[in-house]
Structures are given as C-alpha cells and as structure tokens.
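All remarks here apply to the structure that follows.
Numbering (full-length UniProt numbering), first residue to last: 1 to 285.
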C-alpha cells in the first residue's frame with residue numbers, strides 16, 4: 001500500500017511532498033473494530049522539498065486497530081537552498097526567522113551562510129487512536145535523533161521539517177494530539193494541539209552559559225478536512241483536502257519576540273492513499 005501527502009505552510013514557511021510505500025502482512029483475522037486493522041509492514045519513505053530530500057526505510061507494527069508502533073531510519077540531504085541548512089554553536093543561539101533570513105543574505109564565503117550537507121536521522125513513533133461514535137481522539141508521538149555533519153564549532157541546527165532547534169546526536173520529541181468529529185459525509189472538523197521539546201545535553205551549549213531549554217513549543221487550533229471518496233482496496237483512495245490554522249501558545253520567537261502572536265501557523269494539504277496489491281492474511285498463504 002502507499003500514502004502520499006503534499007502540504008504548503010506558513011509560519012514557518014514550507015512546501016513538502018512525502019510518501020510511504022510499504023508491504024503489509026496481516027497478523028491475524030478478526031471482525032472486531034478494535035482488532036481488525038492489524039499488520040506488520042516494511043517500506044520506503046521518500047520526501048522532497050525545496051530545502052531537502054529524504055529517503056527512509058520504515059518498519060511498522062500495528063497489533064491493534066488503536067495502536068501503531070514504527071521506526072524509520074532516513075538519509076537526509078540539505079541542498080543549501082531555502083535558507084537550509086543553518087547550524088548554531090548553542091541551544092541558546094538566535095535561530096529566529098529574522099536571523100535566518102539575515103544569514104541567507106550574507107556574501108558568499110561567509111562561514112555563517114546556509115550550507116549543504118548529508119546525514120542521517122532515526123525516528124521512533126507511536127500512534128494511539130480511539131473512536132467513540134463520530135468522535136476520534138488521536139495522538140502521534142515521534143522521538144527523533146539526528147546525526148548531521150555540522151559546521152565546525154556548531155552543536156545544534158534548525159530542523160525546518162519540525163520547526164525545532166535540534167540537538168545534533170541528541171534526542172527531541174514532537175507530538176500531535178487531535179480531537180476530531182467525523183460527520184459521516186466526508187467532512188471532519190476538530191482541534192489539534194502540537195508540541196515539541198528537545199533534550200539538550202551539556203554538549204549542546206557553549207562553555208559557561210546557562211543550560212536551560214528555551215525552545216519548547218506549543219500551538220493549538222482548528223483542523224478541517226474533507227474526504228471525497230473512500231473505498232477499501234482501491235488503488236486511489238481517500239483523496240482528502242486539509243486545512244489547519246494553529247496559534248502559537250509557546251514559542252521563543254513566534255509569540256511576539258520576532259513575529260506576531262496573532263499570526264497563526266497555516267497549513268493546506270492534499271493527501272491520498274491506496275492498495276497496490278491485495279493484502280494476504282495468514283490463512284490465505
């Protein structure tokens with residue numbers, strides 16, 4: 001099976017095309033809604049934006065309809081475009097949009113200019129989803145460990161994908177929590193709370209400076225999605241248009257320090273999925 005997402009966003013600015021192509025094997029047969037959608041899968045996860053390209057290998061385990069566990073190892077290449085990649089000497093460094101735009105305007109040869117590189121990233125994820133009639137509660141948790149070849153003297157870098165000042169060779173998490181209402185006619189409306197937190201160690205700060213973390217983020221706002229058609233087993237399935245408007249509640253720069261707190265995070269996306277071949281069950285093999 002496969003799934004695909006194309007999304008454009010503002011605050012921060014971004015454009016992304018990403019997909020997952022995987023082979024699924026059903027673990028067991030069940031007609032229970034809580035057990036029916038079970039599988040183990042392995043696949044590829046390509047992603048492309050004007051700033052970077054990624055290619056990952058992903059393994060997913062879904063023992064229950066409500067729980068999915070997965071891990072992904074990616075090769076990540078930054079093109080040196082779209083103000084990426086930018087790295088900094090400390091977790092307390094200024095990585096605001098204003099600073100990043102200013103660095104992008106520096107003359108060629110300046111050591112602070114954005115640069116290209118290639119590294120890797122490990123992501124461990126868990127998705128928990130519960131449904132009560134037309135109401136869905138869902139949490140998508142990701143724990144990320146990047147390993148990038150940074151400029152000499154730098155310890156952290158700006159991850160444009162997650163809008164995080166990432167600790168190189170360290171861990172950070174991001175979580176998206178949704179409460180959604182499905183109308184039954186293709187329309188879904190709800191609320192998203194998104195958060196992130198980096199686990200900086202002493203090696204991610206400059207010598208002698210305070211080692212507190214000023215970069216935790218939270219944002220909250222409505223989500224609206226419309227699915228045009230949905231049919232099990234279809235090769236082109238669930239084409240969906242998505243709009244998200246979230247306001248930053250906690251952010252070092254997006255709550256007034258660098259950009260207005262009234263300017264929300266905006267995302268407009270289009271997704272679809274499908275089955276490329278029938279999914280066999282153990283009894284059918």
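The beta-carbon is built from N, C-alpha and C at its ideal position, and this holds for glycine as well.
Just the Cα atoms here: how many angstroms apart are residue i and residue j?
i: residue 3; j: residue 206; result: 42 Å
i: residue 158; j: residue 89; result: 11 Å
i: residue 68; j: residue 106; result: 45 Å
i: residue 144; j: residue 163; result: 13 Å
i: residue 81; j: residue 116; result: 8 Å
i: residue 148; j: residue 102; result: 23 Å
i: residue 196; j: residue 189; result: 23 Å
i: residue 60; j: residue 110; result: 43 Å
i: residue 45; j: residue 128; result: 21 Å
i: residue 257; j: residue 91; result: 17 Å
i: residue 287; j: residue 130; result: For residue 287 there is no data in the structure shown, the boundaries of the chain being 1 and 285.
Taking the alpha carbon of residue i as the reference point, which residue from the options has its own alpha carbon closest?
i: residue 85; options: 51, 38, 253, 42; result: 51
i: residue 359; options: 253, 64, 48; result: Residue numbering for the chain in the displayed model covers 1 to 285; residue 359 lies beyond these limits and cannot be assessed.
i: residue 6; options: 268, 237, 249; result: 268
i: residue 248; options: 241, 259, 25; result: 259
i: residue 124; options: 10, 271, 173; result: 173
Would you check if the distance between the CB atom of residue i and the CB atom of residue j is smaller than 8 Å?
i: residue 151; j: residue 168; result: no
i: residue 219; j: residue 194; result: yes
i: residue 22; j: residue 76; result: no
i: residue 211; j: residue 222; result: no
Please report the Cβ distance between residue i and residue j, rounded to the nearest whole angstrom; I am assuming they are in contact, meaning their Cβ atoms lie under 8 Å.
i: residue 229; j: residue 239; result: 7 Å
i: residue 191; j: residue 226; result: In fact, because the Cβ distance is near 17 Å, the residues do not count as touching under 8 Å.
With DSSP run on the structure shown, which of helix, strand or coil describes residue i?
i: residue 104; result: helix
i: residue 222; result: strand
i: residue 49; result: coil
i: residue 270; result: strand
i: residue 210; result: coil
i: residue 97; result: helix
i: residue 30; result: coil
i: residue 286; result: Because the chain is modelled from 1 through 285, residue 286 falls outside the range shown and cannot be assessed.
i: residue 202; result: helix
i: residue 142; result: strand
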